[in-house]
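Each residue of the sequence shown is one higher than the one before, starting from 1 at the first, in full-length UniProt numbering.
Glycine included, each C-beta is placed from N, C-alpha and C at the ideal position.
Here the structure is a predicted model, which is why all the values come from computation and not from measurement.
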Amino acid sequence: MPKDLEALLKEERIFKPTKDIVEKSNITQWMNKYKIKNYDELLKKANDNPDWFWDDLAKELEWFEPYKNVLKWDPPHAEWFLEGKFNIAHNALDRHIKNGKGDKIAYIWEGEDGKTRKITYHQLWCDVNKFANALRELGIGKGDTVSIYLPMIPELPVAMLACAKIGAVHSVVFSGFWAKAFQERVNDSKSKVAITTDGFTRRGKLIPLKENVDDILQNTPTIKNLIVINNAGIDVKMHEGRDLWWHEITENMSEECETEVMDSEDPLFILYTSGTTGKPKGVVHVHGGYAVGIYTTLKFVFDLNEDDIWWCAADIGWITGHSYIVYAPLLLGVTSIIFEGTPDYPDPGRLWKIVEGYKVNVFYTAPTTIRMFMKYGPKWPQKYDLSSIRLLGSVGEPINPEAWVWYYKYIGREKCPIMDTWWQTETGMHLITPLPISPLKPGSAVMPFPTVQADILDDMGRSLTEKGGHLVIKTPWPSMLRTIYRNPQRYIKTYWSAFKNMYLSGDVARKDSDGYFWIQGREDDVLSVAGHRIGTAEVESALVSYECVAEAAVVGKPDEIKGEEIAAFVILKDNFKPTQELKDTLKYHVRVEIGPVATPKYISFVDDLPKTRSGKIMRRVIKAKVKGEDVGDTSTLANPEAVDGLDRAL
Ligand code: ATP
Ligand code: MG
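Structure representation (C-alpha cells):
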C-alpha cells in the first residue's frame, strides 16, 4: 500500500467569529432553547441523538399528516419521516400564502442585459399554479418525469415548483450543456415532457436553444410534448402536435391548483452529477427528508433572517441551485437574487454592482469565481460598496487558502466569516461545514454538520488523523440520495461497497488534530509519486499561494521510476509574463512550501483550464491530454477551447 504523505501544507491561521455574530446567530438561538452551551456540546448532543435533532427541525415545516418515525436505517437504504404526508411546494409557497406573506418578495431577478423583475410569493404561487394546471392538462401527474432545459430565467423555478406541486419528478439539465447531453439525460430519465426556451443570450451572444433541441428530439422516443418559452423573441419552428408555447397553455389556467399529497419518501427530482470524473449519475432526491435537510442547513449555516437578501450565485442547473436558490430559501421565506448573467460580463464589476444595488447580506459562490477575481485584481470589488455583506460562502471545489484570504479581505472586508461548505449532488445538503459560531481555518471545511459523522479511512478501513484518506460518512442524513435513477446496483456499488455501512464520498481528505477536515481532491485525481499519495488540492494551493498565480491544476504524468511525475498547468494573474525563470521559481516555491516529493516536474502556462459548467477543473481531461490519450466524454465541458490551449502548452 502506498505511503500517505503526512499533512502537506500547514495552515496555521485561525479566524474567530465576533461575539456579535455568535450571539445573534440562528444556531445560538436554537442552542439556547435547549441550554446547549457551546459548539462541542451541540455536536455531542446532536450526534448522540440525531432523531431528536431532526424531529425538532422537521416540525418547523408543515405536514399534511405527521410522520410516525424519524428514521428507518436499513443500510444502505434510509427512509426519513416515515408515513408522513408532505409536499415541498406546499411548504415553499402555499404555506406562506396561507400565513399572509404573499406580498413579500421571493425573487429579485436580474437578466444578463440588466433587466430586473421582482416576484412576490403571491405572484410566484400564481405562476406555479397556472403552469401546474397546464401540466396536468397534458396528462402529467404523480411519478411522471419532466425534463427541463432552461437558462436562469424566472420560469425555471416556476417549472420545477409546478412539477413538485403535482407530484411529477423534474430533471433539470444545465442550459450550458450541449443538446446531446440533454438527449442522454432525457432518455435516461424517460421524460414525457421537455421544457425549453426559444433562446437566450450568454455574454451577449444568442444561443438558439429550441433549434438545438429540435436536432435531438427525434432520438428521444418518450417525449410527447415540448413546451417552449418565448424568451428571446426569435423565430422558431413549432412542430405540430408536439410543440406548445408556454404562454398559450397557461393563459386560461386557474391561478389556484390543488397540491398533490405526497409521501415523505416520494421522489422530487432527478439530478445528474456534474460529470467531473466520468459518466453522470442520475441522483434521486425525495420530498420530505430533502426539504428538512436543506431548510435546516440554510437556516443554521447561512444564518438567514426574515429580512435578509440572500444570493447564491450558482446556476439552478446544479445541486447548489436546486437546494439553495430554489427550495431552501423559499422554505425559509426569504428574498433571494437570481442572476441570469456571468460574473465578468459586461465587466468584472458585475457581481459587486449587484451586491451594492440590492444590499445583499449573505453571498455564496464557488472558488473558481474567486480565483477569477484574483486574476482581475481587487480594483473591481473596491469600486463598490459591499458593506451590506455579513456572511460569505464557498462551494464546489477545495478553496485554496490564498483564495480564502483574498475573499475574506476584499469581499468580506475582514469582517465576514466564510462558510466553506463541502457537499455533493448526492448529499443534497451541506455535510461538512462551519457554522457562524465556528473558528475558521482558511482552506478547511471545518467539521461535519450536527448529527453527521464523517471519518477518514485508509484502504483497510482504519481511521486516520493528520493523513490523507477516503472521506466517508457513517450516519444517514435526511437529504441523502435514495438511489441512482433506474440503476439501484450502481447506487450500491458506487457508494456503499468499499466499507461496510458507510457512504463513500469519492473524495480524499485529511482530518487534523483539532478535528478539522481538509478536502484534498477527488480519489480519481490523487497523485502517486514515488510511493506517496498526494491530493491535488495541496499542490495547487501551494502554486496559488505564489503571488502571480491565479489558478493551477495538477495531474500525474506516468513515469517509469516514480510511478507518476507532477505536471502543473498554471494561469497567471493579469500583468504577469510567462517565462522559463518563473517556471523554475514556481517549482522551487512548491518545493519549499510542501517538500521535494510534491515538486512539479513540468509546468505549463495556459490561459484557461478545462472546466465543467459548474466551474470545476476537469483534471481527467488534462490527464488524458498529458498522457496523449483520447479525452473521452466531454459533454459536460464548458470551454472546449481550453483543451486546444492545453495542446499548445504541451
Ligand atoms: P461527478 O460525480 O459526476 O464526477 P461532481 O462530483 O463534480 O461530478 P457535484 O456533486 O456537483 O458533481 O460535486 C461534488 C464534488 O465537488 C465533491 O465530491 C467535491 O469533490 C467537490 N466539492 C464540493 N464542495 C466542496 C468544498 N467545499 N471543498 C472541496 N471540494 C468540494
Ligand atoms: Mg461526484
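query, result
"Buried versus exposed call for residue 517 [16 or more other C-beta atoms within 10 Å across all chains shown]", "buried"
"Cβ-Cβ separation, residue 431 to residue 470 (assumed contact under 8 Å), whole Å", "So it is not a contact: roughly 15 Å between Cβ atoms."
"Rounded Cβ spacing between residue 186 and residue 140 (contact assumed at less than 8 Å)", "With 8 Å as the limit, residue 186 and residue 140 do not qualify as a contact, their Cβ atoms being about 15 Å apart."
"Any non-hydrogen atom of the ligand ATP within 7 Å of residue 507 CB", "yes"
"Under the three-state DSSP convention, the category residue 3 falls into", "Any reading at residue 3 must be qualified, since the residue scores a pLDDT of 44, below 50, and its modelled position is unreliable; no value is offered."
"Nearest candidate by alpha-carbon position, reference residue 348, set 24, 365, 378 and 269", "378"
"Close-in-space but distant-in-sequence residues of the same chain around residue 643 (CB under 6 Å, 5 per side omitted)", "610"
"Inter-residue Cα distance where the pair is residue 1 and residue 564", "Low local confidence applies: a pLDDT of 33 at residue 1 is under 50, so the model's placement there is unreliable, and no value is given."
"Selected residue, minimal CA-CA separation from residue 332, among 551, 37, 172 and 295", "295"
"Cross-strand partners of residue 677 (DSSP beta bridge)", "The chain is shown from 1 up to 650; residue 677 falls before or after that span and cannot be answered."
"Alpha-carbon to alpha-carbon, residue 571 and residue 579", "13 Å"
"Start and end residues, beta strand (DSSP E) containing residue 225", "225-229"
"CB contact check: residue 303 to chain D, cutoff 8 Å", "The question asks about chain D, but that chain is absent: this structure has only one protein chain."
"Opening and closing residue of the alpha helix (DSSP H) in which residue 411 lies", "No alpha helix (DSSP H) holds residue 411; DSSP gives it neither H nor E."
"CB contact flag (residue 309, residue 359, <8 Å)", "yes"
"Near the ligand MG: residue 365 beta-carbon under 7 Å from a heavy atom", "no"
"Distance, residue 172 Cα to residue 475 Cα", "28 Å"
"Helix, strand or coil at residue 453 according to DSSP, with G and I counted as helix", "coil"
"Cβ pair residue 159, residue 200 closer than 8 Å", "no"
"Top-ranked residue by Cα proximity to residue 97, from 624, 330 and 573", "330"
"Cβ-based neighbour list, residue 281, same chain, cut-off 6 Å, excluding 5 preceding and 5 following", "273 and 484"
"Option nearest residue 51 by Cα separation, candidates 81, 41 and 62", "81"
"Nearest-angstrom beta carbon gap, residue 62 and residue 26 [assumed within contact, 8 Å]", "That pair is no contact at about 19 Å."
"Range of the contiguous alpha helix (DSSP H) that encloses residue 614", "Premise fails: residue 614 is in no alpha helix (DSSP H) and is neither H nor E."
"Which residues DSSP lists as bridging residue 27, in chain order", "Bridge partners of residue 27: none, in fact."
"Sufficient close CB pairs (3 or more, under 8 Å) joining the segment 417-431 to the segment 542-561", "no"
"Residue(s) in a DSSP beta bridge with residue 422", "432"
"Contacts around residue 14, its chain only, beta-carbon distance under 8 Å, and the 5 residues preceding and following it disregarded", "439, 440 and 441"
"Among 271, 562 and 356, the one whose alpha carbon lies nearest that of residue 426", "271"
"Cβ pair count under 8 Å reaching 3, the segment 256-271 against the segment 286-295", "yes"
"Touching by the beta-carbon criterion (3+ pairs, under 8 Å), the segment 124-136 and the segment 233-252", "yes"
"Near the ligand ATP: residue 319 beta-carbon under 7 Å from a heavy atom", "yes"
"Extent of the continuous alpha helix (DSSP H) run through residue 212", "209-217"
"Pair within 8 Å by beta-carbon distance, residue 418 and residue 404", "yes"
"Contact between the segment 25-40 and the segment 454-473 (3+ Cβ pairs under 8 Å)", "no"
"In chain order, each beta strand (DSSP E) run of at least 3 residues that lies wholly inside the segment 273-320", "282-286 and 309-312"
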